Each structure stands twice: as structure tokens, then as C-alpha cells.
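Trainee:
Numbering (my numbering), first residue to last: -10 to 337.
(1) If residue 256 and residue 290 are in contact, beta carbons under 8 Å, what's the gap, nearest whole angstrom?
(2) Residue 314 and residue 322 - do their beta-carbons sit closer together than 8 Å?
(3) Give the straight-line distance between the Cα atoms of residue 152 and residue 177, rounded to the nearest whole angstrom.
(4) Who are the near neighbours of residue 271 in its chain, counting only those whose CB is closer than 8 Å to its CB and skipping five residues on each side?
(5) Classify residue 164 as helix, strand or coil using the three-state DSSP reduction.
(6) Using 8 Å as the threshold, is the C-beta distance between residue 125 and residue 90 below it?
(7) What number of angstroms, rounded off, separates the C-alpha of residue 252 from the C-alpha of residue 319?
(8) By the DSSP assignment, the beta strand (DSSP E) with residue 245 in it spans what residues?
(9) If you run the structure through DSSP and keep just helix, strand and coil, what is residue 112?
(10) Helix or strand or just coil, what does DSSP make of residue 107?
(11) Note down, one range per segment and in chain order, each alpha helix (DSSP H) of at least 4 residues found wholly within the segment 289 to 330.
(12) Thinking C-beta only, is residue 331 closer than 8 Å to residue 294?
(13) My output table needs one value for residue 225: the three-state DSSP class, helix, strand or coil.
(14) Assuming residue 99 and residue 129 form a contact by the criterion Cβ under 8 Å, report the distance between their Cβ atoms to the nearest whole angstrom.
(15) If you run the structure through DSSP and keep just helix, strand and coil, what is residue 273?
(16) Of the residues 83, 240, 233 and 237, which one's Cα is nearest the Cα of residue 134?
(17) Where does the unbroken alpha helix (DSSP H) through residue 68 begin, and where does it stop?
(18) Evaluate residue 64 with the Cβ neighbour count: other Cβ atoms within 10 Å of its Cβ, from every protein chain shown; 16 or more gives buried, anything less gives exposed.
(19) By a C-beta neighbour count over all protein chains shown, 10 Å radius and 16 as the cutoff for buried, is residue 154 buried or exposed?
(20) When we look at the beta-carbon of residue 311 and count the other beta-carbons within 10 Å, is it buried (16 or more) or exposed?
(21) Does residue 332 come out as helix, strand or coil in the three-state DSSP assignment?
(22) Taking all protein chains shown into account, do 16 or more other C-beta atoms lie within 10 angstroms of the C-beta of residue 316, making it buried, or fewer, making it exposed?
(23) Is the segment 216 to 235 touching the segment 182 to 190 in the sense that three or more CB pairs, one from each, lie closer than 8 Å?
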């Protein structure tokens, strides 16, 4: 078992070993230490008040600017406040280990706080805005950059990455076409090709290969949706050419079938739903048995082939297979090569 799996399993077993009453004690203790933790962090980040404190707000930023009808084209306040913001960010990262990893708030907490205010018609002093960040936003943050954050997946940042975000905000371009922003369009292609080569993807996956190429999406779920829609579009073109005249697209869509294991991420089902193919998705059962060298909880190529064969015999058309390369539940890796060979036999 890999170190990563061992660590995750140990964490899971450790939490499961805590019964309901003990969890309540843990939550109560967490609530008691919030004030002390925030107090420690207040020494690192200027102006941060301990939770529940009645202390008056201390100004976070000495420079004021953009208040009321101020001229936002005046860049001098930006220079001054920007330096303070860099210090604030650096202090946050240097002190984040002093904060609780999870937010200690109840659902709906923020609405109760901010809906009591009227929508502002004029700008506020920046120090007041940052005081609101401390009072209302910071308590509701789950700190993904915390050294003890082990949930979901890594989302690490770094000083160069933060500065890169500043550059992106400075240009503030929308890259929906080459003309809209040649540099961002071409940079995306170049970097994703380099990334593809770094992980040894076949040339067919790269833009230089002629038929492939990567596109940055907002999340893995969006990537799944794009893949499903692309497969649907490609299959529709092929099915039209083989179908008699007068057959509608809706009739062809009804004949499409998609496949994944029962360990597939929920985004696969959601993507199929959005693409209008939700009822066409086949979730093939996996086995937790690891005997005889078999992989646990993986999609078996023989079972996939059998499912596609049965669907073809019923007049349906297999168009999409989702393979796991590290499933959410157990980090299981499907036999991608074998699945690809099965798809090829059915015209994939």
C-alpha cells in the first residue's frame, strides 16, 4: 500500500474510531479554542481581533483611498494599499497554522450578518472593508493552505503564484478567441502541450499532434462535462452519416450509451444529465476482491465489452467510457489500456 493510501486510511480510521459522543466533545473543545487561536493569529496579522472581542477595530491599512466619490483612476492609493496587502498575505501564510483548519460557523451565518445592511451606493474606506473581512469572512474560511488540511485534494499556492494572479488581474483579458487575446490563447496551448509531454501523454493528446490539445477548465467536473459533450457531438456526426434520411437528432441521442464504473465520480452522472444522456449511462459494478492479483474496485475490460456488446445487439451505440485514474473512494486506477482496446473493438 502506498504511503498516500496508508496516510488517508489512518486518518479515516482515526476519525471513525471517535463515537458520536466523543465527536460532540471534540466540537465543543474546538469552539472553546477558537478565541485563543484567533488571538494568536492577531499577533501575526495586523488588526485581526479575537473571536467575540469588543476591542475597537485597529486600522489594517494606514493609507485610505477610493472612499465615496473618490477618483479610482488615482493609482497612488493602490501603490500604498498594495504594499500593505502583500504584508497581510505574507502574514496570513506565516500564521495560518495557528488557525483552526475548519470554519467554526453555522450554515447561513453570513446572510444574517450582511443582509442587515443596505446595498452601498458609495465606496468604503479600505480599512473598513478589511475589518469586515476579518469579522465576517475569516471565521467562515476553511483554510485549504493549512498544513493540517487533508480533505479533497491539494490546492497549494505560493508567492510566485499569487504574484501571477496579480498579473492576470492586471491584464484582465477574456481569451474566447485568438483575436481577443493572442498571447493568452497561444500560451494556454503551449503550456498544456508541455504538461502533456511531462506526463508522457501520446502525441494524439497534444495540439501539435493534429487532432488533440488541451483546454483549461474551471474544475475537473467541467472537464468531464466537456468530454461528454465532445463525445456526443462526434458520435452524432458519425450516426447521421449511417442513418436513413429523416431520422432526427433526438432519435439518435436516445440510442447513445455511456459507461463508467460504480466508483466513478459524481460529476460523470451530472455531465450525462446536462448533456441529455443521463438515463443512457451504464454504471458497471466493481469488485472489492483483490484475490489472484486482481485490482480492487476497478472497471473490468471484459465486463465493459460485454455491456457494450449487449447494447449493440439491442440497436444502441456506445459513445463514451469514463475511466478512473485514482478514484475518489479508494484511489483505484482502472486498466486504461485494456479499456481503450475494448473501445477500439466497438468503433471508439
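Backbone N, C-alpha and C fix where the C-beta goes; we use that ideal spot for every residue, glycine too.
Small disclaimer: the values here were computed from a predicted structure and weren't measured.
Mentor: According to the structure shown:
(1) Counted from its first residue, the chain shown places residue 256 at position 267. Counted from its first residue, the chain shown places residue 290 at position 301. About 23 Å; that fails the 8 Å criterion.
(2) Working through the chain shown from its first residue, we reach residue 322 at position 333. Working through the chain shown from its first residue, we reach residue 314 at position 325. Yes; because the gap between Cβ atoms is below 8 Å, this pair is in contact.
(3) Within the chain shown, numbered from 1, the residue matching residue 152 stands at position 163. Within the chain shown, numbered from 1, the residue matching residue 177 stands at position 188. Straight across, the Cα-Cα distance linking residue 152 with residue 177 is about 18 Å.
(4) Residue 271 sits at position 282 when you count from the first residue of the chain shown. Within the same chain, 246, 247, 248, 249, 296 and 300 come within 8 Å of residue 271 by CB-CB distance, once the 5 residues on both sides are set aside.
(5) Locating residue 164 in the chain shown gives position 175, where the first residue counts as 1. Correct three-state label for residue 164: coil.
(6) For the purposes of this step, residue 125 is taken as the residue at position 136 of the chain shown. For the purposes of this step, residue 90 is taken as the residue at position 101 of the chain shown. No, the Cβ-Cβ distance between residue 125 and residue 90 is not below 8 Å.
(7) The sequence position of residue 252 within the chain shown is 263, counting from 1. The sequence position of residue 319 within the chain shown is 330, counting from 1. Approximately 9 Å, taken between the alpha carbons.
(8) On the chain shown, residue 245 is found 256 positions in, with the first residue counted as 1. Unbroken beta strand (DSSP E) run through residue 245: 245 to 250.
(9) Position 123 of the chain shown, counted from the first residue, corresponds to residue 112. Strand at residue 112.
(10) The residue labelled residue 107 in the question sits at position 118 within the chain shown. It is coil, neither helix nor strand.
(11) 290 to 302
(12) Taking the first residue of the chain shown as 1, we reach residue 294 at position 305. Taking the first residue of the chain shown as 1, we reach residue 331 at position 342. Yes, the pair counts as a contact, with Cβ atoms nearer than the cut-off.
(13) For the purposes of this step, residue 225 is taken as residue 236 along the chain shown, with counting starting at 1. In the structure shown, the three-state DSSP call for residue 225 is helix.
(14) Numbered from its first residue, the chain shown carries residue 99 at position 110. Numbered from its first residue, the chain shown carries residue 129 at position 140. That pair is a contact at about 6 Å.
(15) Start at 1 with the first residue of the chain shown, and residue 273 comes out as number 284. Of the three classes helix, strand and coil, the one that applies to residue 273 here is strand, per DSSP.
(16) For this step, residue 134 is matched to residue 145 along the chain shown. If we check each option's Cα against that of residue 134, 83 comes out closest.
(17) As a first step, residue 68 is located in the chain shown; it is residue number 79 there, counting from the start. First-last of the alpha helix (DSSP H) with residue 68: 65 to 84.
(18) Residue 64 sits at position 75 when you count from the first residue of the chain shown. The Cβ neighbour count for residue 64, taken over all protein chains shown within 10 Å, is under 16; the residue is labelled exposed.
(19) Counting from one through the chain shown, the residue named residue 154 turns up at place 165. So residue 154 counts as exposed.
(20) Sequence index remark: in the chain shown, residue 311 carries index 322 (1-based). Residue 311 should be labelled buried.
(21) Looking up residue 332 in the chain shown gives position 343. Helix, per DSSP.
(22) Translated into the one-based positions of the chain shown, residue 316 becomes position 327. Residue 316 is buried by the Cβ-count criterion.
(23) no
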